[in-house]
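K.L.:
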């Protein structure tokens, strides 16, 4: 994100919305108009905060990564007895995160 004065609540709304839309539609099909409308901000504010669509995408990716990483329990991965157990744990964990964070996976 550019070094500008921001409203943290609006930034969070934009990043949550961008994460959803980029996740559902991919980078190319996602429109900044749609992200701004759903986040209830102007398109001008979105570009003022993030500069361009690529920077918004990168920040949305970082936002999603940190949301998941902050809640990840690495002990479950380290203690898996083998690849099959690790994969089972991964699937269960993904399902748990989908319910917890209402992630949309398309």
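In UniProt numbering, the protein residues as written are 1 to 106. Ideal Cβ positions, reconstructed from N, Cα and C, are used throughout, including at glycine. Computed from a predicted model, the values in this text were never measured in an experiment.
1) Please go through the UniProt DNA-binding region "H-T-H motif" (31 to 50) and give each complete alpha helix (DSSP H) segment of 4 or more residues, from N-terminal end onward.
2) Could you pull the start and end residues of the alpha helix (DSSP H) that residue 17 belongs to?
3) Which value, in whole angstroms, describes the spacing of the CA atoms of residue 51 and residue 4?
4) Short of 7 Å in beta carbon distance, which residues of its chain neighbour residue 83, apart from the five on each side in sequence? Order them along the chain.
5) Alpha carbon to alpha carbon, what distance is there between residue 79 and residue 88?
6) By Cβ distance below 7 Å, which residues in the same chain neighbour residue 36 in space, the five residues on each side in sequence not counted?
P.N.:
Taking the coordinates as given:
1) 32 to 39 and 43 to 50
2) 8 to 29
3) 10 Å
4) none
5) 13 Å
6) 42, 43 and 46
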